[in-house]
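Chains as they are written, first to last, in this note's numbering: chain R, 1 to 48; chain B, 49 to 346; chain V, 347 to 648. For reference, the structure discussed in these notes is given below.
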Amino acid sequence: DIEPRRFTIEEELYDDPFLKDLQNKKEFIASGFRTDYVYERVLTEAFM
Amino acid sequence: EYTKEKKVGEGTYAVVYLGTKQSTGRQIAVKEIKTSEFKDGLDMSAIREVKYLQEMQHDNVIELIDIFMAYDNLNLVLEFLPTDLEVIIKDKSILFTPADIKSWMLMTLRGVHHCHRNFILHRDLKPNNLLVSPDGIIKVADFGLARAIPAPHENLTSNVVTRWYRAPELLFGARHYTSAIDIWSVGVIFAELMLRIPYLPGQNDVDQMEVTFRALGTPTDKDWPEVSSFNSYNKLQIYPPPSTFELRKRFIAASENALKFMSGMLTMNPVKRWSAIECLESEYFQEMPPPTNPSEIP
Amino acid sequence: YRHSSQYRFWSFSKEHLREKRDMTNKLAVETIEKDLFDFKALNDLTPEELNALDTKAVPLTTEEELKLIDFYAKKVQVISQHLNLPTEIIATSISFFRKFFLENSVMQFDPKNLVHTTVFLACKAENYFISVDSFAKKAKSTRESILKYEFKLLESLKFTLLIHHPYKPLHGFFLDIQNILHGKVDLNYMGQIYDRTKKKITQALLTDAVYLYTPPQITLAVLLIEDEPLITKYLELKFADNDNDDNGNEVKRKKKNSIDLTVLLSVIKECKDVIENLQTVSTEDARKIAAKNYFCQNPKAL
Chain R
1 DIEPRRFTIE EELYDDPFLK DLQNKKEFIA SGFRTDYVYE RVLTEAFM
Chain B
49 EYTKEKKVGE GTYAVVYLGT KQSTGRQIAV KEIKTSEFKD GLDMSAIREV KYLQEMQHDN
109 VIELIDIFMA YDNLNLVLEF LPTDLEVIIK DKSILFTPAD IKSWMLMTLR GVHHCHRNFI
169 LHRDLKPNNL LVSPDGIIKV ADFGLARAIP APHENLTSNV VTRWYRAPEL LFGARHYTSA
229 IDIWSVGVIF AELMLRIPYL PGQNDVDQME VTFRALGTPT DKDWPEVSSF NSYNKLQIYP
289 PPSTFELRKR FIAASENALK FMSGMLTMNP VKRWSAIECL ESEYFQEMPP PTNPSEIP
Chain V
347 YRHSSQYRFW SFSKEHLREK RDMTNKLAVE TIEKDLFDFK ALNDLTPEEL NALDTKAVPL
407 TTEEELKLID FYAKKVQVIS QHLNLPTEII ATSISFFRKF FLENSVMQFD PKNLVHTTVF
467 LACKAENYFI SVDSFAKKAK STRESILKYE FKLLESLKFT LLIHHPYKPL HGFFLDIQNI
527 LHGKVDLNYM GQIYDRTKKK ITQALLTDAV YLYTPPQITL AVLLIEDEPL ITKYLELKFA
587 DNDNDDNGNE VKRKKKNSID LTVLLSVIKE CKDVIENLQT VSTEDARKIA AKNYFCQNPK
647 AL
């Protein structure tokens with residue numbers, strides 16, 4: 001990716017109850033679910 | 049504009065012809081989607097191929113040149129790619145070197161990275177979906193099982209990826225997996241390129257787990273939290289992970305970094321498994337020998 | 347985004363959009379007028395029959411077409427909501443429907459006949475597969491009528507099925523606002539804003555904003571409608587060219603932003619205007635236009 005990205009991922013600053021709930025579920029942890037992948041996705045879509 | 053000169057393949061939902069783009073004389077492949085067979089209208093695999101190939105233009109992803117309707121059939125015009133890695137692996141008359149393998153892995157991971165940064169999961173990476181262009185460039189192909197990375201709460205089907213290349217989380221039936229499943233497939237392909245025989249050839253889904261864990265060790269909650277929560281976990285035979293010595297013995301031609309690279313892609317816990325970027329930036333691609341120039345690969 | 351099919355095939359300027367619609371309408375009018383001419387030539391009609399044709403079987407104008415399209419696009423939203431489809435699939439259904447009638451006239455294809463097909467194809471395109479038989483049952487339609495135009499729809503969509511909707515950007519801004527305005531914004535309040543904006547975004551997709559602006563711009567426009575001070579503050583802190591150093595005076599920011607704040611704000615405000623002037627079409631208006639359209643297609647009935 002050429003230009004510097006217009007966002008940084010600050011996981012500890014985010015209060016996302018929806019994700020917080022998912023990431024504590026056994027089946028999500030076992031599946032390899034990662035909140036940083038979700039943050040990456042939605043922030044990329046926001047700043048594309 | 050396009051001719052269909054020779055039938056070269058037939059799948060469940062499509063027939064593939066070789067042809068020519070008249071205006072430029074360029075050789076092309078035409079994937080004619082059979083429409084009558086699918087009682088629910090347009091076939092899902094065709095919809096996925098069209099949907100994802102339309103969004104990606106990358107040197108290591110097969111190019112969708114055009115699409116047209118003819119006689120009620122949907123035709124995908126794709127770039128012509130005469131062979132694939134499966135053919136090359138099987139053809140023992142073709143000798144290739146670690147530098148050749150490194151080149152193929154670099155191109156494959158660039159293509160996979162492009163899918164992932166577009167938030168697209170391929171979900172069927174295997175040697176015969178890695179096609180080779182006339183000048184030796186690897187192209188990721190067959191997006192009939194691909195899908196966009198879903199919303200976090202959505203359930204995904206675990207019945208994807210051809211068995212031998214299926215990641216352990218899929219074997220356990222995971223419903224919230226990530227792009228890590230594609231990286232696992234690339235890891236198994238890498239092993240197969242070095243061995244020139246399939247690395248984890250399970251006879252069926254249960255045997256696939258057995259073969260996988262015997263070769264790479266059965267995951268435990270210690271290295272993969274909550275893995276024991278999968279229903280199929282407690283019937284498992286527990287195998288220890290192979291020692292470095294055992295791995296070295298199995299992959300004699302592999303350098304230390306090559307083994308680290310492979311182990312990064314074949315990490316059991318998907319959270320710790322290397323991402324495409326970690327693979328591309330790994331020592332393996334920086335150490336000698338440099339990857340062969342694609343046009344010089346046999 | 348510039349590589350996406352959405353940008354390459356489905357982004358227009360206002361003028362270009364207008365031209366496209368006029369062209370689609372013009373081609374359909376020509377066909378209708380020719381058919382009506384032939385009809386008159388083939389049937390020896392009485393003067394009052396001729397008069398009836400001339401007053402009632404009149405081809406639709408672009409404006410009338412647009413009203414009918416908006417009316418049925420709303421129906422697509424209602425039907426897909428009624429089918430309990432996820433938000434993004436409702437959005438894709440609306441998008442497919444409106445794009446189809448950017449490329450085709452309602453005088454060639456009765457919008458009524460495309461409503462279910464667009465929802466069905468949207469489900470397939472979004473990996474939310476429902477068999478055509480169970481879909482037909484739920485939608486009280488038939489498999490034939492659903493499948494009849496599926497190919498034509500896919501072709502009119504120029505085979506582009508991946509759509510970037512403004513919902514993921516909303517989630518992204520929800521997070522980034524917490525970062526940029528850390529400690530200055532109440533999280534419960536942010537949650538309410540999130541829910542209200544999400545609903546309003548679906549309304550925005552019924553307007554031409556989807557052709558004129560990018561998904562994040564639409565998101566920011568709807569957020570601006572929800573809370574202008576908050577969003578303006580966020581964007582200033584995020585994209586302003588100068589920082590306030592700790593004793594408050596302005597210093598030039600080291601890293602040059604690739605976004606010009608004033609341009610961004612003016613684009614978002616324009617987008618906000620487009621979203622806010624969504625016209626709802628009354629059933630009465632729609633019925634009148636549909637009748638006209640019907641008589642154009644069926645002069646004998648008239």
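No residue lacks a Cβ here, since even glycine has one placed at the ideal position from N, Cα and C. Keep in mind that this is a model prediction, so the values were computed, not measured.
Assigned secondary structure, residue i (DSSP; H/G/I helix, E/B strand, else coil)
{"i": "Val609/V", "result": "helix"}
{"i": "Ile113/B", "result": "strand"}
{"i": "Arg195/B", "result": "strand"}
{"i": "Leu465/V", "result": "Here residue 465/V turns out to be Val, not Leu, going by the sequence shown. Helix, per DSSP."}
{"i": "Glu58/B", "result": "strand"}
{"i": "Leu129/B", "result": "coil"}
{"i": "Val452/V", "result": "coil"}
{"i": "Arg214/B", "result": "coil"}
{"i": "Ile186/B", "result": "strand"}
{"i": "Val160/B", "result": "helix"}
{"i": "Lys69/B", "result": "strand"}
{"i": "Gln285/B", "result": "coil"}
{"i": "Val64/B", "result": "strand"}
{"i": "Leu19/R", "result": "helix"}
{"i": "Tyr495/V", "result": "coil"}
{"i": "Tyr50/B", "result": "strand"}
{"i": "Asn207/B", "result": "coil"}
{"i": "Asn341/B", "result": "coil"}
{"i": "Gln75/B", "result": "strand"}
{"i": "Asn430/V", "result": "coil"}
{"i": "Leu43/R", "result": "helix"}
{"i": "Ala222/B", "result": "coil"}
{"i": "Asn166/B", "result": "coil"}
Other residues of its chain near residue i: CB distance less than 7 Å, five sequence neighbours each side excluded
{"i": "Ile25/R", "result": "According to the sequence provided, residue 25/R is Lys. The question's Ile does not apply to it. Excluding sequence neighbours, Lys25/R sits near nothing in its chain."}
{"i": "Leu204/B", "result": "Pro198, Arg223, His224 and Tyr225"}
{"i": "Glu472/V", "result": "Glu434, Ile435 and Thr438"}
Nonlocal neighbours in the same chain, by C-beta distance under 6 Å from residue i, ignoring five residues either side
{"i": "Asp5/R", "result": "It is worth fixing the name first, because residue 5/R is Arg in this sequence and not Asp. Counting only Cβ-Cβ distances below 6 Å, and skipping sequence neighbours, we find nothing."}
{"i": "Leu133/B", "result": "Pro175 and Leu178"}
{"i": "Glu217/B", "result": "Tyr225 and Pro318"}
{"i": "Gln23/R", "result": "Thr35"}
{"i": "Lys54/B", "result": "Leu66"}
{"i": "Cys163/B", "result": "His170"}
Contact belief for residue i with residue j at Cβ below 8 Å, rounded distance in angstroms
{"i": "Lys366/V", "j": "Leu552/V", "result": "About 18 Å; that fails the 8 Å criterion."}
{"i": "Lys82/B", "j": "Val63/B", "result": "7 Å"}
{"i": "Gln427/V", "j": "Ile435/V", "result": "About 10 Å; that fails the 8 Å criterion."}
{"i": "Gln563/V", "j": "Leu624/V", "result": "Rounded, the Cβ-Cβ distance is 17 Å, inconsistent with contact."}
{"i": "Ile526/V", "j": "Tyr580/V", "result": "6 Å"}
{"i": "Leu157/B", "j": "Ala194/B", "result": "Rounded, the Cβ-Cβ distance is 17 Å, inconsistent with contact."}
{"i": "Pro267/B", "j": "Val275/B", "result": "5 Å"}
{"i": "Gln70/B", "j": "Phe128/B", "result": "Their Cβ separation, rounded to whole angstroms, is 14 Å, which puts Gln70/B and Phe128/B out of contact at 8 Å."}
Status (buried if at least 16 other CB within 10 Å, exposed otherwise) for residue i
{"i": "Phe383/V", "result": "exposed"}
{"i": "Ile142/B", "result": "exposed"}
{"i": "Phe293/B", "result": "exposed"}
{"i": "Gln352/V", "result": "buried"}
{"i": "Glu12/R", "result": "exposed"}
{"i": "Leu149/B", "result": "A quick correction: the sequence has Ile, not Leu, at residue 149/B. Buried is the call here."}
{"i": "Tyr119/B", "result": "exposed"}
{"i": "Ser343/B", "result": "exposed"}
{"i": "Val609/V", "result": "exposed"}
{"i": "Ser93/B", "result": "buried"}
{"i": "Ile256/B", "result": "The sequence shown places Gln at residue 256/B, rather than the Ile named in the question. By the 10 Å Cβ count, Gln256/B comes out buried."}
{"i": "Ala77/B", "result": "buried"}
Minimum C-alpha distance to residue i - residue among the options
{"i": "Phe442/V", "options": "Ile425/V, Thr464/V and Ser604/V", "result": "Thr464/V"}
{"i": "Asp631/V", "options": "Ile415/V, Phe466/V, Tyr513/V and Ile425/V", "result": "Ile415/V"}
{"i": "Val1/B", "options": "Glu97/B, Leu129/B, Leu122/B and Ala228/B", "result": "Shown here, chain B extends from 49 to 346; a query on residue 1/B therefore has no answer."}
{"i": "Lys308/B", "options": "Ala194/B, Pro342/B and Ala239/B", "result": "Ala239/B"}
{"i": "Glu103/B", "options": "Val556/V, Ala468/V, Leu499/V and Phe355/V", "result": "Phe355/V"}
{"i": "Glu361/V", "options": "Ile621/V, Glu411/V, Gln352/V and Leu558/V", "result": "Leu558/V"}
{"i": "Val461/V", "options": "Ser451/V, Gln454/V, Ser491/V and Gly518/V", "result": "Ser491/V"}
{"i": "Ser451/V", "options": "Leu576/V, His517/V and Lys413/V", "result": "Lys413/V"}
{"i": "Leu406/V", "options": "Leu583/V, Leu373/V and Ala387/V", "result": "Leu373/V"}
{"i": "Pro575/V", "options": "Ala555/V, Lys545/V, Val531/V and Ser604/V", "result": "Val531/V"}
{"i": "Met336/B", "options": "Leu264/B, Thr315/B, Ala302/B and Pro346/B", "result": "Ala302/B"}
Close-in-space but distant-in-sequence residues of the same chain around residue i (CB under 8 Å, 5 per side omitted)
{"i": "Asp253/B", "result": "Arg211 and Leu219"}
{"i": "Gly221/B", "result": "Ser206, Phe278, Asn279 and Ser280"}
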